[in-house]
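Novice:
The structure is reproduced here in structure tokens:
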């Protein structure tokens with residue numbers, strides 16, 4: 001008889017058995033040689049090579065356009081003709097529960113407004129914040145993206161704006177060096193962000209030199225892709241658009257007119273719309289520019305050879321439109337090249353007008369402004385467009401202080417330096433001499449006038465006595481006294497004012513007082529202001545004094561023996577001291593004066609300027 005094993009021992013034996021199976025399992029890994037042999041097995045390899053290759057370089061988002069053949073790393077070659085993209089689904093209809101943000105996008109669709117977003121390979125990281133905020137409800141049918149290489153981002157195709165530029169130009173011209181580098185990085189699957197260039201390099205950046213070639217080409221490709229749109233709105237990576245305000249703004253205009261709207265900038269004899277501020281072309285303007293013989297591609301390629309000597313793409317576009325009889329219509333401040341911290345607020349500046357676009361907005365600011373818009377909606381203000389005053393109260397006013405070091409508040413009014421102090425001194429001396437001479441001349445003229453009027457008064461009195469005697473003689477013959485005689489006073493004097501003999505002595509004295517008072521008003525100068533102006537350049541404190549003495553001054557900035565006043569108010573930006581520490585910016589604000597002005601000028605509603 002076998003003894004029965006306890007249950008816990010059986011469980012222990014089972015565990016050891018399972019561990020042994022696991023440790024001594026077959027660990028033979030597949031050979032690296034076996035993998036390609038497996039993949040090259042005739043049935044499998046045939047199915048791979050027959051599978052159509054899908055590449056973004058085929059420009060699937062643009063219809064009926066030619067493209068450059070692309071050789072693949074496999075044995076296949078992409079065809080030259082672009083495939084016909086599948087039809088886009090109809091945009092969703094707004095529901096009763098649509099938010100103001102969704103309703104604004106639906107309104108853009110209803111009005112036939114297309115958004116064209118120009119970016120660059122080095123700017124793609126900044127594009128992500130736009131996709132998550134301002135662009136989140138836009139469909140591929142609402143917006144076209146253009147860059148300096150072909151790619152995709154989520155549901156959107158990023159089109160190569162330069163793909164139709166002459167091949168010889170792209171292969172040899174120094175301006176296209178960065179374009180060639182981007183192509184190499186993309187073909188070898190390297191990170192394009194490694195080609196990043198600092199904005200501090202300015203116009204020396206390769207990306208900036210390349211950017212100007214995009215404008216005419218992306219306009220041409222846009223019109224070929226969306227010929228039936230009514231409005232074409234062009235923005236950039238660092239632009240911010242208030243969609244609701246844009247919809248209302250364009251609803252007030254006629255797309256059948258050749259309109260070219262923007263924040264106007266002049267260079268040479270050409271006035272054009274600044275690209276970063278955003279600009280708008282009506283369908284009629286696009287027809288005027290691109291509807292000639294050869295179409296838009298011919299216009300774009302013509303400018304490829306002309307743009308070499310032009311600084312900027314937006315200038316070239318403005319020149320091309322002007323040649324077709326389309327001039328820019330100023331839409332500032334609605335379309336704006338600044339942002340909340342750099343807007344000029346105050347008298348005659350930005351205040352109750354609606355904001356449509358902003359520029360130089362970094363990702364953190366995009367997020368902040370977008371959240372501000374959503375907060376307005378929660379407070380029930382989403383139906384009204386945002387005006388500049390709201391942006392001031394939310395983004396600027398909380399940061400205003402009496403003074404701040406290492407800061408430039410962008411004051412751009414009267415400026416005082418050591419040189420201007422000497423000029424002020426000379427001007428004050430010259431004006432004093434002129435006032436003195438003028439005063440002497442006025443006194444001389446006044447004395448002559450007084451003497452002449454005294455003489456006229458004596459003559460008038462003699463004539464009055466003669467008239468009185470004549471009247472007495474007439475009364476002797478029974479004639480009634482005249483009305484003038486009845487007006488004689490009891491003291492023998494008369495109230496009669498003989499015509500042509502005015503003014504009398506009292507009038508002369510009053511006139512003299514008025515002339516003296518008027519002369520004194522002209523000479524009225526603020527001695528404190530004059531003294532402050534002469535020494536304003538010497539220190540930050542003296543700069544503040546001159547701002548205090550000028551009632552129209554709201555702020556000031558002092559740096560490098562320079563005092564500059566602001567007759568409007570702005571927040572500005574941080575500025576580090578110079579490398580040698582000699583130039584340090586310090587800014588100040590007349591906070592109480594600013595608050596009083598904002599209280600006295602509260603907006604009652606958006607003030608739309610007359611445009612177009």
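In UniProt numbering, the protein residues as written are 1 to 612.
Even glycine gets a Cβ: it sits at the ideal position worked out from N, Cα and C.
1. Buried or exposed for residue 286, please, with buried defined as at least 16 other CB atoms from any protein chain shown within 10 angstroms of its CB.
2. Label residue 18 either buried or exposed according to how many other C-beta atoms from any shown protein chain fall within 10 Å of its C-beta, with 16 as the threshold for buried.
3. To which residues of the same chain is residue 606 closer than 8 Å at the C-beta, ignoring the five residues directly before and after it?
4. Which value, in whole angstroms, describes the spacing of the CA atoms of residue 445 and residue 342?
5. Tell me the start and end of each unbroken alpha helix (DSSP H) in the stretch 330-395 that is at least 4 residues and wholly inside, in chain order.
6. What is the DSSP secondary structure of residue 608, reduced to helix, strand or coil?
7. Beta-carbon within less than 7 Å of residue 298's beta-carbon, same chain only, minus the 5 sequence neighbours each way: which residues are those?
8. For the candidate residues 130, 265, 158 and 270, whose alpha-carbon lies nearest to that of residue 221?
9. Sorted by chain position, which residues of the same chain lie with C-beta nearer than 8 Å to residue 195's C-beta, five sequence neighbours on each side aside?
10. How many Å lie between residue 142 and residue 423 at the Cα?
11. Of the choices 187, 223 and 130, whose alpha-carbon is the least far from that of residue 371?
12. Is it the case that the stretch 317-327 contacts the stretch 272-284, given that we only count it when at least three CB pairs across the two stretches are under 8 Å?
13. Please list, in chain order, all residues of the same chain as residue 125 whose beta carbon is under 8 Å from its beta carbon, the five residues on each side excluded.
14. Cα separation between residue 584 and residue 540?
15. Report buried or exposed for residue 379, applying the criterion of at least 16 other Cβ atoms within 10 angstroms of its Cβ.
16. Give the DSSP-derived three-state secondary structure of residue 150 in the structure shown.
17. Out of 215, 256, 228 and 244, which has the shortest C-alpha to C-alpha gap to residue 640?
18. Should residue 114 go down as buried or exposed, given a rule of 16 or more other Cβ atoms within 10 Å for buried?
19. Tell me whether residue 572 counts as near the ligand ADP, meaning its Cβ is closer than 8 Å to at least one heavy atom of that ligand.
20. Short of 8 Å in beta carbon distance, which residues of its chain neighbour residue 134, apart from the five on each side in sequence? Order them along the chain.
21. Quick test of the definition: if touching needs 3 or more C-beta pairs under 8 Å, does the stretch 244-264 touch the stretch 330-337?
22. Return helix, strand or coil for residue 49, following the three-state DSSP convention.
23. Under the three-state reduction of DSSP, which class applies to residue 587: helix, strand or coil?
24. Specify, as a first and last residue, the run of the alpha helix (DSSP H) that residue 283 falls within.
25. Classify residue 276 as helix, strand or coil using the three-state DSSP reduction.
26. Determine the direct distance from the alpha carbon of residue 152 to that of residue 52, and round the result to whole angstroms.
27. With DSSP run on the structure shown, which of helix, strand or coil describes residue 117?
28. For the structure I just gave you, are there three or more beta carbon pairs, one from the stretch 155-173 and one from the stretch 388-402, closer than 8 Å?
29. So what does residue 267 bridge to, in DSSP terms?
30. Using the DSSP secondary-structure output, state which residues sit across from residue 555 in a beta bridge.
31. DSSP beta-bridge partners for residue 403?
32. Reducing DSSP to helix, strand and coil, say where residue 444 ends up.
33. Give the single residue among 545, 610, 257 and 266 whose Cα lies nearest to the Cα of residue 325.
34. Please report how far the alpha carbon of residue 335 lies from the alpha carbon of residue 277, in whole angstroms.
35. What does residue 262 pair with, by DSSP beta-bridge criteria?
36. Would you mind reading off the limits of the beta strand (DSSP E) that contains residue 159?
Specialist: Concretely, from the data shown:
1. By the beta-carbon neighbour count (other beta carbons within 10 angstroms, threshold 16), residue 286 is buried.
2. Within 10 angstroms of the beta-carbon of residue 18 lie fewer than 16 other beta-carbons, which makes it exposed.
3. Apart from the 5 residues on each side of it in sequence, residue 606 sits with its Cβ closer than 8 Å to the Cβ of 352, 353, 354, 384, 385 and 387 in its chain, given in chain order.
4. When rounded, the separation of the alpha-carbon atoms in residue 445 and residue 342 is 54 Å.
5. Every alpha helix (DSSP H) of 4 residues or more that sits fully in the stretch 330-395 is shown, in chain order, as 363-378 and 388-391.
6. Collapsing the DSSP output to three states places residue 608 in coil.
7. Result list for residue 298: empty, nothing under 7 Å.
8. Ranking 130, 265, 158 and 270 by Cα distance to residue 221 puts 158 first.
9. Annotation for residue 195: 121, 122, 178, 181, 182 and 185 place their beta carbon closer than 8 Å to its own, counting only its chain and skipping 5 residues before and after.
10. Cα-Cα distance, rounded: 59 Å.
11. Comparing Cα-Cα distances from residue 371 to each of 187, 223 and 130, the minimum goes to 130.
12. The stretch 272-284 and the stretch 317-327 touch, with no fewer than 3 CB-CB distances between them shorter than 8 Å.
13. Close CB contacts of residue 125 within its chain, under the 8 Å cut and outside five residues either way in sequence, are with 193 (chain order).
14. Whole-angstrom Cα-Cα distance: 11 Å.
15. Under this definition residue 379 is an exposed residue.
16. Here residue 150 sits in coil by DSSP.
17. Any question about residue 640 goes unanswered here, given that the chain covers just 1 to 612.
18. Classification for residue 114: buried.
19. In the structure shown, the ligand ADP is absent, as is every other ligand, since no ligand is present at all.
20. Excluding the 5 residues flanking it on each side, residue 134 has same chain C-beta neighbours closer than 8 Å at 240, 241, 243, 366 and 370, in chain order.
21. Yes, the stretch 244-264 is in contact with the stretch 330-337.
22. With a pLDDT of 36 at residue 49, under the threshold of 50, the predicted position of this residue should be treated as unreliable, though the coordinate-derived value follows. Note: residue 49 maps to helix in three-state DSSP.
23. Residue 587 sits in a strand when the DSSP states are folded into three classes.
24. Here the alpha helix (DSSP H) through residue 283 covers 283-290.
25. Three-state result, residue 276: coil.
26. Note that residue 52 scores 34 on pLDDT, short of 50, meaning its location in the model is unreliable; the coordinates nonetheless yield the value given after this. Distance from the CA atom of residue 52 to the CA atom of residue 152, rounded to whole angstroms, is 19 Å.
27. Here residue 117 sits in strand by DSSP.
28. Flag = no, the stretch 155-173 and the stretch 388-402 do not touch.
29. Residue pairing by DSSP places residue 267 opposite 270 in a beta bridge.
30. Note: residue 555 sits in a beta bridge opposite 566 and 589.
31. Answer is 588, bridged to residue 403.
32. Here residue 444 sits in helix by DSSP.
33. Among 545, 610, 257 and 266, the Cα nearest to that of residue 325 is on 257.
34. Distance between the alpha carbons of residue 335 and residue 277: 6 Å.
35. For residue 262, which the question treats as bridged, DSSP gives the partners 279 and 330.
36. Counting along the chain, the beta strand (DSSP E) containing residue 159 begins and ends at 156-160.
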